[in-house]
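Student:
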Amino acid sequence: MKKFKFNITHKCKDSKARCGIIETLHGNVETPIFMPVGTLATVKFLSPEEIKEIGSGIILSNTYHLWLRPGADIVEKAGGVQKFMNYNGPMLTDSGGFQVFSLSKHRKISEEGVTFRSHLNGDKLFLSPEKSISLQNQIGADIIMSFDECIPYPADYQYAKTSVERTLRWASRGLNAHRNPNQALFGIVQGGEYEDLREHCAKELVKMNFDGYSIGGTSVGEDKATMYKMIDFSIKHLPEDKPRYLMGVGAVNDLFEGVERGVDMFDCVLPTRIARHGTLMTGEGRINIKKATYKEDFTPLDTKCDCYTCKNFTKAYLNHLFRCNEGLGDRLCSIHNLRFLLNLMEGIRKAIKEDRFLEYKEEVYKTLKFDERGF
RNA sequence: GGAGAAGUAGCGAAGUGGCUAAACGCGGCUGACUGUAACUCAGCUCUCUACGAGUUCGGUGGUUCGAAUCCGCCCUUCUCCA
0 MKKFKFNITH KCKDSKARCG IIETLHGNVE TPIFMPVGTL ATVKFLSPEE IKEIGSGIIL
60 SNTYHLWLRP GADIVEKAGG VQKFMNYNGP MLTDSGGFQV FSLSKHRKIS EEGVTFRSHL
120 NGDKLFLSPE KSISLQNQIG ADIIMSFDEC IPYPADYQYA KTSVERTLRW ASRGLNAHRN
180 PNQALFGIVQ GGEYEDLREH CAKELVKMNF DGYSIGGTSV GEDKATMYKM IDFSIKHLPE
240 DKPRYLMGVG AVNDLFEGVE RGVDMFDCVL PTRIARHGTL MTGEGRINIK KATYKEDFTP
300 LDTKCDCYTC KNFTKAYLNH LFRCNEGLGD RLCSIHNLRF LLNLMEGIRK AIKEDRFLEY
360 KEEVYKTLKF DERGF
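Numbering-wise (numbering that gives the first Met the number 0), the first sequence opens with residue 0 and increments by one.
1) Counting Cβ pairs closer than 8 Å, one from the stretch 44-55 and one from the stretch 332-341, do we hit at least three?
2) Is it true that the stretch 72-84 meets the stretch 124-131, where meeting means three or more beta-carbon pairs spaced less than 8 Å apart?
3) Could you please give the first and the last residue of the uninterrupted alpha helix (DSSP H) stretch that includes Phe97?
4) I want to check one thing, is the minimum distance from the CB of Met84 to the heavy atoms of the ligand SAH below 6 Å?
5) What first and last residue would you give for the beta strand (DSSP E) that runs through Leu309?
6) Tell me whether Gln137 is buried or exposed, calling it buried when 16 or more other Cβ atoms sit within 10 Å of its Cβ.
7) Any idea if Ile20 is buried or exposed, counting beta-carbon neighbours within 10 angstroms, 16 or more meaning buried?
8) Pick out the complete alpha helix (DSSP H) segments inside the stretch 176-223, 4 residues or longer, and give them in chain order.
9) Taking its Cβ as the centre, do 16 or more other Cβ atoms sit within 10 Å of Ser127, making it buried, or is it exposed?
10) Write down every uninterrupted run of the beta strand (DSSP E) in the stretch 34-63 whose length is 3 residues or greater and which is fully enclosed by it, in chain order.
11) What residues in its chain sit with their C-beta under 8 Å from that of Tyr227, if we drop five residues either side in the sequence?
12) Reducing DSSP to helix, strand and coil, say where Asp296 ends up.
13) From which residue to which residue does the beta strand (DSSP E) around Ile21 run?
14) Along the chain, which unbroken stretches of the alpha helix (DSSP H) at least 4 residues long are found entirely within the stretch 304-371?
15) What does the alpha-carbon distance come out to for the pair Ser14 and Lys352?
16) When the distance is taken between beta carbons, is Ser162 closer than 7 Å to Ile150?
Below you can see the structure in the form of C-alpha cells.
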C-alpha cells in the first residue's frame, strides 16, 4: 500500500489552477506549492527549524550530489535523508537528470546512461536510470524523479526527438527498477520547444502510469513565452488527478503562469541563490542589498513581510553583513526570499479556494513592479 | 648627531630607459543569477566635452629622440648605531 496520495480539493472556475493535498509518509502538503532546494541535504544556511518556520511544506534534494558526497549508502545508514539532516517533513529528490544539462562539459550520454566526470575530483562516474532510482531508493525521499535528459534551448529537432525517445526508455527502465513502494515516482516530460514531442512524451509517460508528472527542460535559457508554451504543450496531455511539477521554476510571474496552467509543484534555486548574492524579492521588486544606498537605511526589507528577517532587522544591517561577508546575511536573506515566495503561494492557494485566482494574479502584478525577468 | 632603506592610483604591492595609464590583490561601484560545479560570476574603478584626448608614479631641476625607471638637490617615512 503506497503512502503517497494526491487529492484535488478545489478547481479554479476561470483557469486551470487547482488546489490539492499531497499526502506522504512524512506529512501532507497543500498545493500549489513552492519547494525550497536543498541540494546537499541542506537548504544552504538554514536549519531545519528555520525551514519549518518559513512555512515550507516540502523540500528538494539531489541524487547526484548526495551520491558523490557523502554517498547514498551513508544516507541510507543514517536512516534516510530526513533523519540524516534532522528534517522530519516531506522531501523530494531530483534524479540527476538536470546535471546531464548543467554538467554538460563533464559528461557523455549513451543509451545505457550518462558518464560523468565528477565536478569534485574528476572521478569517472556512471549514472543510469536504474542506478539513479536505486540511489533514490537508498536516499529515501518521499517523491523521487525519473532519470531524464534535460536538453538545452534551443535544441535541434532531430536531437530533441532522439533525446525524448531515450528519456522515455529511461523512464520505463526506472519504473521497473523502483523498489520502494513508499516513494512516489514521477515521470518527466521533455521534448524541448516542440509541441509534437512534448505531446508524444507526455502521452507515453501517462501510459506508464507514474504517481505524478514533471515538466522538465524549462528555464534553460528560453524566453518566457517559449517556456509557457512548453508548459502548455506538456500539461494538456497529463491526467487531472495526478500532481504536475514544473521543475526549476521560481520567478514570481512564472509561478503565476504555471499555476494558471494547472501546475501543482515548483522548485527553484533562485530565491536562495540570489539571496546569498544579496538580491532580495520585495514588494518593490528585486533589490540588491549590497548597494550603497542601503548603507544608512534603517527600515525593514519589506514592511509587508512577516518573516523573521523583516520583523527584526534593517536594510542597513543586512548591507553591513554582506559587506563583511558574514554568513548571517546569507541566512537572513535566504529566509526572507523563501518566505516571500511561500507567502505568495499561500496567497495563490487562498485565492483559488475563493475562486479569485485571476483577480489575485492581477493584483499582485499591479503591486509588484515586475521587470522583464518577472523579478 | 651618524649609518642604512624606502616613497607607484583609496589601501597593499609589481614594475628599474620605449611593448606602461602602469600587473596583481584588497577595498569601492554596477550588473547577472530559474530541477545549485554558485557565500558565485561578469564589468567598471586617474581626469575629461570619453570608439578619442589630457595629466600621472614624493617635489623639483637635469640627461635622453624617449624617464615611474638614469643623475643632482630638496621634502617625508622607517630601521639601526650613538
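Ideal Cβ placement from N, Cα and C applies to all residues, glycine included.
Tutor: Concretely, from the data shown:
1) The count of Cβ pairs closer than 8 Å, one atom from the stretch 44-55 and one from the stretch 332-341, reaches three, so the stretches are in contact.
2) Contact check between the stretch 72-84 and the stretch 124-131: fewer than three CB pairs, one atom from each, fall below 8 Å, which does not count as touching.
3) Counting from 1 along the first sequence, the entry for residue 97 is found at position 98. Gly96 to Ser101 is the span of the alpha helix (DSSP H), which, as asked, contains Phe97.
4) The ligand content of the structure shown is nil, which means the ligand SAH is not present either.
5) If you number the first sequence from 1, residue 309 lands on position 310. The question names Leu, yet the displayed sequence has Cys at residue 309. No beta strand (DSSP E) contains Cys309, which is instead part of the alpha helix (DSSP H) from Tyr307 to Asn311.
6) As a working mapping, residue 137 is identified with position 138 in the first sequence. Burial call: buried.
7) Locating residue 20 in the first sequence gives position 21, where the first residue counts as 1. Exposed is the call here.
8) Here the runs fully enclosed are 194-207.
9) Taking the first sequence and counting its residues from 1, the one referred to as residue 127 is at position 128. The residue is buried, with at least 16 neighbouring Cβ atoms inside 10 Å.
10) DSSP runs (the beta strand (DSSP E)) wholly in the stretch 34-63: 58-61.
11) Here residue 227 corresponds to residue number 228 of the first sequence, with the count starting at 1. Excluding positions up to five away in sequence, the list reads Glu256 and Arg260.
12) On the first sequence, residue 296 is found 297 positions in, with the first residue counted as 1. Asp296: coil per DSSP, three-state reduction.
13) Your numbering for residue 21 matches position 22 in the first sequence. Run containing Ile21: Arg17 to Thr23, per the beta strand (DSSP E) assignment.
14) Taking only runs of at least 4 residues, the alpha helix (DSSP H) segments lying wholly in the stretch 304-371 are 307-311, 314-322, 326-352 and 356-366.
15) Sequence index remark: in the first sequence, residue 14 carries index 15 (1-based). Sequence index remark: in the first sequence, residue 352 carries index 353 (1-based). Roughly 12 Å separates the two Cα atoms.
16) As a first step, residue 150 must be located in the first sequence, where it is residue number 151. As a first step, residue 162 must be located in the first sequence, where it is residue number 163. Yes.
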